[in-house]
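See structure below.
Protein chains: 2
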Amino acid sequence: MGHVIVVGNEKGGAGKSTLSVHIAVACAISGLKVAALDLDRRQRTFERYFENRARWSATHETELPTPDFFYLSKATAERRVDAEAEETEATRTLIAAMRDSHDIVLVDAPGADTPASRAAHACADTLVSPLNDSFIDFDLLAEIDPVTGEVGKPSVYAEMVWEARKQKAASRGKPIDWVLMRNRLSPLDAKNKRRVGDALSALAQRIGFRVAPGLSERVIYREMFTAGLTLLDLTDEGAAATFTLSHVAARQELRDLILALKLPPLGE
Amino acid sequence: MGHVIVVGNEKGGAGKSTLSVHIAVACAISGLKVAALDLDRRQRTFERYFENRARWSATHETELPTPDFFYLSKATAERRVDAEAEETEATRTLIAAMRDSHDIVLVDAPGADTPASRAAHACADTLVSPLNDSFIDFDLLAEIDPVTGEVGKPSVYAEMVWEARKQKAASRGKPIDWVLMRNRLSPLDAKNKRRVGDALSALAQRIGFRVAPGLSERVIYREMFTAGLTLLDLTDEGAAATFTLSHVAARQELRDLILALKLPPLGE
Ligand SMILES: Nc1ncnc2c1ncn2[C@@H]1O[C@H](COP(=O)(O)OP(=O)(O)OP(=O)(O)O)[C@@H](O)[C@H]1O
Ligand SMILES: Nc1ncnc2c1ncn2[C@@H]1O[C@H](COP(=O)(O)OP(=O)(O)OP(=O)(O)O)[C@@H](O)[C@H]1O
Ligand SMILES: [Mg+2]
Ligand SMILES: [Mg+2]
Chain A
258 MGHVIVVGNE
268 KGGAGKSTLS
278 VHIAVACAIS
288 GLKVAALDLD
298 RRQRTFERYF
308 ENRARWSATH
318 ETELPTPDFF
328 YLSKATAERR
338 VDAEAEETEA
348 TRTLIAAMRD
358 SHDIVLVDAP
368 GADTPASRAA
378 HACADTLVSP
388 LNDSFIDFDL
398 LAEIDPVTGE
408 VGKPSVYAEM
418 VWEARKQKAA
428 SRGKPIDWVL
438 MRNRLSPLDA
448 KNKRRVGDAL
458 SALAQRIGFR
468 VAPGLSERVI
478 YREMFTAGLT
488 LLDLTDEGAA
498 ATFTLSHVAA
508 RQELRDLILA
518 LKLPPLGE
Chain B
258 MGHVIVVGNE
268 KGGAGKSTLS
278 VHIAVACAIS
288 GLKVAALDLD
298 RRQRTFERYF
308 ENRARWSATH
318 ETELPTPDFF
328 YLSKATAERR
338 VDAEAEETEA
348 TRTLIAAMRD
358 SHDIVLVDAP
368 GADTPASRAA
378 HACADTLVSP
388 LNDSFIDFDL
398 LAEIDPVTGE
408 VGKPSVYAEM
418 VWEARKQKAA
428 SRGKPIDWVL
438 MRNRLSPLDA
448 KNKRRVGDAL
458 SALAQRIGFR
468 VAPGLSERVI
478 YREMFTAGLT
488 LLDLTDEGAA
498 ATFTLSHVAA
508 RQELRDLILA
518 LKLPPLGE
């Protein structure tokens, strides 16, 4: 029975697809069978990264560890409520099938509130939510008092996860391990970083997530998109010249992140 | 007859709301009557920034230049095609009303493909699209050959703008001035920055946009969200202590960006 990881955050550009790609490659490199689902049918960033990877593999006659992609069929019902129910059901069925045949199921959720995204969240064993170091991103989790810094009322995405947890509990699934991960961290802006960090610690207790070590802003996490490669694919033999201090630090960040996810198939 | 600015990019987190807030404040500070519309009904970042601003104004008994917000009513039709037509029509009607009563209409589009977003794009006089310095963001404009760097087939967002331009032409509106603006630029990553820059110049010719000076990654563009303030509100008298080299550079960036938009009401 595969372990379901949903990479979710309704906030656009938080780093969901970037994270999905790197987690998928890390798991595939460890020898796990990874089933992948890209719920953003317009952008398809997650799929596109691996389409580029397949093309690179072909032109370089190299095998690169890659997940198996699955595809959600579009709803056909005419009435809105029927189309939503159709999409919800199709998502559950597909994820269940992916679980039966793979060690890891990785779902890249869209930066929007859709029935498929909600259904996927309700199937998650691990929910990983990247977050920019910004109160603009934080605002989708909870309100915050500008003067006292006190965390207030939960906001739209926290409510979506709350709903997903209720649904998972109702279907007797194990509790969702909600992991928040700061992304695109800059070595500068110490004051803003500390304020966001404090707000996250305060909120973690209240709405039930844990904060994992995050990823810094590094060009290496995005500059190889057109080739479909990640830094995990750069090996000493093949690309010794490209290794810099930043790459070594990036490898460590990714390693720490994967460990922090405590994924059962990786025996953590 | 007001000038309609749509801040659009289907790619999440490109910087639409951040840009919308700063353009709105810049125009309001210049004395223009600004009408604002936030099409992201879940996140409402644009609205939230000004809700925070209103609260700050109240507690500090200060008037801060602020746009007038308008709200799109939700579609009620049961069938999907009917709800989409309803949303499209409501958007057009609302933007027309905003144009009649204000100098500037500013629409913050969502990071998703919605009927309201498409309708707003088709009403734009100026379409401003921020873009992260990344081939992941670029992928929504066009494909790119990883080896030759050659720009290929236009992608989902370029097609959306193409459709909007056809609709505007059909309704005898003046052509949409499509301005692309790089956002969150880092002083590092010279090679990736150059490659993205070259791809943008090549694409600009083909799909008809111009590239304006962009914004660097600066904490000042986001750290005052909870107070609803922008660096444009920091004046020498009130906040001399906060002025740093970065703030002066940020002011210059914003000024250059607004000038580059060549907005008729600003007499450019
Ligand atoms: N740690 C990082 N370092 C550098 N660039 C990053 C990092 N994380 C994300 N990015 C860049 O930030 C942008 C947004 O990332 P990404 O597309 O992964 O976010 P997303 O949450 O999937 O967005 P969407 O809501 O549109 O699906 C992309 O241009 C990506 O290349
Ligand atoms: N120039 C910048 N410097 C620093 N931070 C920025 C800059 N532009 C945007 N950000 C930050 O990047 C994140 C995404 O920005 P923003 O919310 O404005 O994007 P968006 O395109 O409106 O996203 P969405 O698709 O979710 O509507 C936010 O955390 C914001 O604070
Ligand atoms: Mg994505
Ligand atoms: Mg936004």
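Same order as they appear, the protein sequences are chains A and B.
One rule links them: number in this note's numbering = place in the first sequence (from 1) + 257.
One rule links them: number in this note's numbering = place in the second sequence (from 1) + 257.
For each residue, glycine too, the CB sits at the ideal point set by N, CA and C.
Find out if the Cβ-Cβ distance for the pair Phe433/B, Lys425/B is shorter than 7 Å. Taking the second sequence and counting its residues from 1, one reaches residue 433/B at position 176. Taking the second sequence and counting its residues from 1, one reaches residue 425/B at position 168. A quick correction: the sequence has Ile, not Phe, at residue 433/B. Using a Cβ distance threshold of 7 Å, Ile433/B and Lys425/B count as a contacting pair.
Chain A contact for Asn449/B (CB, 7 Å cutoff): Within the second sequence, the letter at position 192 stands for residue 449/B. Chain A, which has a Cβ nearer than 7 Å to the Cβ of Asn449/B, makes this yes.
Taking a contact to mean a Cβ-Cβ separation below 7 Å, would you say Ser386/A touches Leu437/A in this structure? Here residue 386/A corresponds to residue number 129 of the first sequence, with the count starting at 1. Here residue 437/A corresponds to residue number 180 of the first sequence, with the count starting at 1. For Ser386/A and Leu437/A, yes; Cβs fall inside 7 Å.
Closer than 7 Å to chain A by CB, Thr302/B: Residue numbering aside, residue 302/B sits at position 45 when the second sequence is read from its first letter. Yes, Thr302/B counts as interfacial toward chain A.
Within 7 Å of any Cβ in chain B, is that where the Cβ of Ala311/A sits? Numbered from 1 along the first sequence, position 54 holds the residue referred to as residue 311/A. No, its Cβ sits nowhere closer than 7 Å to a Cβ of chain B.
Could you spell out where the alpha helix (DSSP H) holding Met438/B opens and where it closes? Sequence index remark: in the second sequence, residue 438/B carries index 181 (1-based). No alpha helix (DSSP H) contains Met438/B, which is instead part of the beta strand (DSSP E) from 434–440.
What is the residue span of the beta strand (DSSP E) that Phe307/B lies within? As a position in the second sequence, residue 307/B is number 50, starting the count at 1. Unbroken run through Phe307/B is the alpha helix (DSSP H), 302–317; no beta strand (DSSP E).
When we look at the beta-carbon of Tyr328/A and count the other beta-carbons within 10 Å, is it buried (16 or more) or exposed? Position 71 of the first sequence, counted from the start, is the residue given in the question as residue 328/A. By the neighbour-count criterion, in which 16 or more other beta carbons inside 10 Å mark a residue as buried, Tyr328/A falls on the exposed side.
Whose CA, out of Ala517/B, Ala353/B, Val505/B, Ser443/B, lies closest to the CA of Leu294/B? Residue mapping note: residue 294/B aligns to position 37 of the second sequence, counting from 1. The candidate whose alpha carbon is nearest that of Leu294/B is Ala353/B.
Touching or not, the stretch 505–514 of chain A and the stretch 334–345 of chain A, by the rule of three or more beta carbon pairs under 8 Å? No contact exists between the stretch 505–514 of chain A and the stretch 334–345 of chain A.
Closest by C-alpha distance to Glu267/B, when choosing among His260/B, Gly368/B, Thr345/B: If you number the second sequence from 1, residue 267/B lands on position 10. Checked all of His260/B, Gly368/B, Thr345/B; the closest Cα to Glu267/B is Gly368/B.
Please determine, among Met258/A, His317/A, Asp370/A, the residue with the shortest C-alpha to C-alpha distance to Asp382/A. As a working note, residue 382/A is residue 125 in the first sequence. Of all alpha-carbon atoms in Met258/A, His317/A, Asp370/A, the one lying nearest the alpha-carbon of Asp382/A is that of Met258/A.
Counting pairs of beta carbons, one from the stretch 441–454 of chain B and one from the stretch 412–423 of chain B, are three or more of them closer than 8 Å? Cβ pair count under 8 Å is below three, so no.
Between the stretch 366–394 of chain B and chain A, which residues of the former have a C-beta closer than 8 Å to a C-beta of the latter? Listed in sequence order: Pro367, Gly368, Ala369, Asp370, Asn389, Ser391, Phe392, Ile393.
Please report the distance separating the alpha-carbon of Lys273/B from that of Ile393/A. Numbered from its first residue, the second sequence carries residue 273/B at position 16. Numbered from its first residue, the first sequence carries residue 393/A at position 136. If you take the alpha carbons of Lys273/B and Ile393/A, they lie about 12 Å apart.
Neighbouring residues (CB closer than 7 Å to any heavy atom of ligand 3): With the cut-off at 7 Å, the residues found are Lys273/A, Ser274/A, Asp297/A, Gln300/A, Thr302/A, Phe303/A, Asp365/A, Pro367/A, Gly368/A, Gly269/B.
Spell out the partners DSSP gives Phe326/A in its beta bridges. In the first sequence, the residue the question calls residue 326/A occupies position 69. DSSP output for Phe326/A lists Ala293/A as bridge partner(s).
Please confirm whether any heavy atom of ligand 2 lies closer than 6 Å to the CB of Ala271/B. Residue numbering aside, residue 271/B sits at position 14 when the second sequence is read from its first letter. The answer is yes for Ala271/B.
Listed by chain order, chain B residues near Ile401/A by CB distance under 9 Å: In the first sequence, counting from the first residue as 1, residue 401/A sits at position 144. Against chain B, the beta carbon of Ile401/A has neighbours under 9 Å at Thr483, listed in chain order.
Is there contact here, the stretch 282–296 of chain B with the stretch 360–367 of chain B, by at least three beta-carbon pairs under 8 Å? With contact defined as three or more Cβ pairs closer than 8 Å, the stretch 282–296 of chain B and the stretch 360–367 of chain B are in contact.
Ser374/A classed as buried or exposed, judged by whether at least 16 other C-beta atoms fall within 10 angstroms: Taking the first residue of the first sequence as 1, we reach residue 374/A at position 117. Looking at its Cβ environment, which holds 16 or more other Cβ atoms inside 10 Å, Ser374/A is buried.
Which residues does DSSP pair with Ile361/B in a beta bridge? Position 104 of the second sequence, counting from 1, holds the residue named residue 361/B. According to DSSP, which records beta bridges pairwise, Ile361/B is partnered with His260/B, Val291/B.
Which residues share a DSSP beta bridge with Val468/B? Taking the first residue of the second sequence as position 1, residue 468/B is located at position 211. DSSP lists Leu437/B as the beta-bridge partner residues of Val468/B.
Proximal chain B residues relative to Ser274/A, where beta-carbon distance stays under 8 Å: Counting from one through the first sequence, the residue named residue 274/A turns up at place 17. Within chain B, the C-beta atoms nearer than 8 Å to that of Ser274/A come from Ile393, in chain order.
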